[in-house]
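Residues in the sequence shown are numbered from 1 upward in steps of one, following the working numbering.
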Amino acid sequence: MKNFSAVILAAGAGTRMKSSLPKVLHELSGKSLIKWVIDAVSRLNPDSIVLVIGHKSNIVEESLKGLNVSFVYQKEQLGSAHAFMQAGSVLGKYNGDILVLSGDVPLIKTQTLRSLLQSHQKSANSITVLAAKTPRPFGYGRIIRNGEVLEKIVEEKDASPAQRQINEINSGIYCFDKNVWAALSQVKPNNAKKEYYITDTVAVLKAMGRQAGLFTIDNDIEIKGINSRKELSEAQKIVQTLKIDELLAAGITIINPSAVYISPDAKIGADTIIYPGAFIAQNVKIGKNCRIEGSSYISNSKIGNNVEIKYSYIEGAVVGNSTQIGPFSHIRPDSVLKENVKVGNFSEIKKSVIAKSVKINHLSYIGDAQIGEDVNVGAGTITCNYDGQKKHKTVIGSKSFIGSNVNFVAPVKIGKSALIAAGSTITRDVPSGGLAFGRARQRNVDRKDKKVVINNKDGGL
């Protein structure tokens with residue numbers, strides 16, 4: 001395949017979305033519409049990608065910061081050909097082919113774009129139009145043929161009743177050679193909307209003695225444009241169905257496919273079972289033979305094999321093999337749980353490393369901590385990691401036993417095989433093998449003793 005560059009048209013306001021957010025920044029499965037298109041074409045290694053932006057261009061540009069793309073600006077919304085013309089400031093002297101895409105057509109596949117480019121280059125066309133057959137052509141430009149030859153493209157509003165019956169439609173995706181700039185300069189706004197249509201370049205190029213061609217696909221799903229919230233939700237259903245089918249075919253059990261959300265980029269091992277209510281967001285890898293139960297949310301995390309997760313929230317974490325989480329646990333970013341860890345109901349882990357075979361079963365907060373192997377953490381344990389200005393670390397040695405309702409005032413280090421008495425507040429380091437108490441001494445009194453004075457102000461005796 002010869003060299004090419006890509007132009008993505010993304011200047012429209014998207015008024016039918018009824019949103020303050022530019023249309024191309026609305027998300028489909030956790031990724032903006034424009035990012036779907038950029039990713040699809042980037043896999044073909046174009047020489048450059050030029051984005052034509054207009055409506056709230058500063059927001060669009062900021063959202064794509066760091067990507068290897070160039071921006072040009074369409075200040076007035078005068079149609080698709082006018083938008084494309086703006087890319088001439090970057091590509092006007094470029095000699096390779098130019099692939100033109102729409103920023104609101106997110107489901108286009110990389111392989112389809114590759115095939116379009118190959119067909120265009122093999123046929124030596126000046127323009128090749130990606131077309132599709134569909135039983136629902138309403139709203140799309142119609143392909144007008146003379147046998148196998150592309151004659152022109154007629155927009156919906158300009159089509160005759162007979163032309164509107166044609167079910168071969170324009171996708172809004174094209175390949176051009178370097179003659180496109182001369183053709184664009186001859187496009188006139190002779191249509192119902194008084195706009196400059198990129199589709200008019202077909203007739204212009206043919207009048208110049210150049211060749212126009214078609215590459216038609218049978219699956220119109222790929223070229224589905226997103227112009228409203230309803231269409232966005234329909235696209236979401238398509239993406240989910242494709243992902244669910246992929247996982248089922250790979251040996252993953254999904255109890256009720258209509259009651260879960262699984263990101264397209266999720267990787268899940270065989271024999272894992274996904275129960276209703278699960279929400280598996282972007283950048284998640286789940287191993288083999290896991291059980292994801294209840295309304296569990298997982299994002300940006302790596303989950304090992306044989307893991308059980310029940311009604312829990314996991315974000316930005318690494319979870320080792322044979323670990324049990326939940327019900328109602330919260331595993332926060334930068335947490336690492338090694339093998340065979342158990343984090344139980346209403347416990348929270350934040351930015352901590354938990355070694356293998358640790359049990360944190362009930363009502364605990366473990367933040368900025370490092371816990372060694374085989375430690376038992378009693379109910380109600382808290383690492384007091386924040387002093388109002390800085391976060392501090394708690395280190396607990398392996399095989400230690402932490403009684404219930406213990407507060408560790410960080411920074412503090414607990415040695416190996418230490419025993420921390422229930423109800424203690426620990427403010428100093430504890431040596432290995434040590435026993436630490438950090439609580440007031442209990443005193444029992446006879447309530448009938450008239451000499452005992454109760455201080456009602458502070459509850460003391």
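Here a beta-carbon is modelled for each residue, glycine too, at the ideal position from N, C-alpha and C.
Rounded to whole angstroms, the separation of the alpha carbons of G54 and R164 is 31 Å. Taking C-alpha positions only, I349 is separated from P106 by approximately 37 Å.
Beta-bridge analysis with DSSP links L150 to R145. Judged by their CB atoms, I402 and G378 are nearer to each other than the 8 Å cut-off. Membership of L25 in any alpha helix (DSSP H) is not indicated, and neither H nor E is assigned to it by DSSP. Between L9 and A131, the C-beta gap is not smaller than 8 Å, which leaves the two residues out of contact. G251 sits exposed, since fewer than 16 C-beta atoms from the chains shown fall within 10 Å of its C-beta. Between the beta-carbon of I360 and that of V336 there is about 14 Å, and that puts the pair past the 8 Å contact cut. Close CB contacts of L28 within its chain, under the 7 Å cut and outside five residues either way in sequence, are with W36, P106, L232, A235, Q236 and V239 (chain order). Secondary structure at R114: helix, using DSSP grouped into helix, strand and coil.
For L248, the enclosing alpha helix (DSSP H) has its first and last residue at R229 to A249.
Closest in C-alpha terms to E339, from the list F346, T323 and N345, comes T323. Taking the C-beta atoms as reference points, P333 is found nearer than 8 Å to G316. Cβ contact annotation for S80 (same chain, cutoff 8 Å, sequence separation greater than five): L9, G172, E195, Y196, Y197, I198 and T199, in chain order. Put simply, the backbone Cα of L248 is about 7 Å away from that of I254.
Pairing E246 with I108 gives a Cβ-Cβ distance that is not under 8 Å. Sequence-distant partners of I382 (beyond 5 residues in either direction) whose C-beta falls short of 6 Å from its own C-beta, in its chain, are Y365 and N407. Excluding residues up to 5 positions away in sequence, G378, A379, G380 and A422 lie with their Cβ nearer than 6 Å to the Cβ of S404 in the same chain. K2 has its alpha-carbon roughly 15 Å from the corresponding atom of I127.
For C384, the beta-bridge partners assigned by DSSP are V409. Taking the Cα of Y311 as reference, the smallest distance to any Cα among I298, K302, V52 and N305 is reached at I298. When R145, V180 and V187 are compared, the shortest CA-CA separation from R210 is found for V180. Shown here, H82 sits in a helix according to DSSP, grouped into three states. Straight through space, the alpha carbons of F71 and V187 are spaced by roughly 23 Å. Straight-line measurement puts the Cα of P46 at about 11 Å from the Cα of V69.
As computed with DSSP, A6 is found in a beta bridge with I49 and L99. Rounded to the nearest angstrom, the gap between the Cα atoms of G103 and L242 is 21 Å. T427 sits in coil when the DSSP states are folded into three classes, being neither helix nor strand. For the pair H26 and I34, the Cα-to-Cα distance works out to about 9 Å.
Under the three-state reduction of DSSP, H330 is assigned to strand.
Excluding the 5 residues flanking it on each side, L435 has same chain C-beta neighbours closer than 6 Å at L419, in chain order. D97 has its alpha-carbon roughly 14 Å from the corresponding atom of V41. Contact between A212 and N125 holds: CB atoms are separated by about 6 Å, below the 8 Å threshold. Around the CB of N95, fewer than 16 other CB atoms lie within 10 Å, so the residue is classed as exposed. Counting C-beta pairs with one atom in each stretch, the segment 286 to 297 and the segment 260 to 271 have three or more that are closer than 8 Å, which means they touch. Per DSSP, the continuous alpha helix (DSSP H) segment holding L33 begins and ends at L33 to S42.
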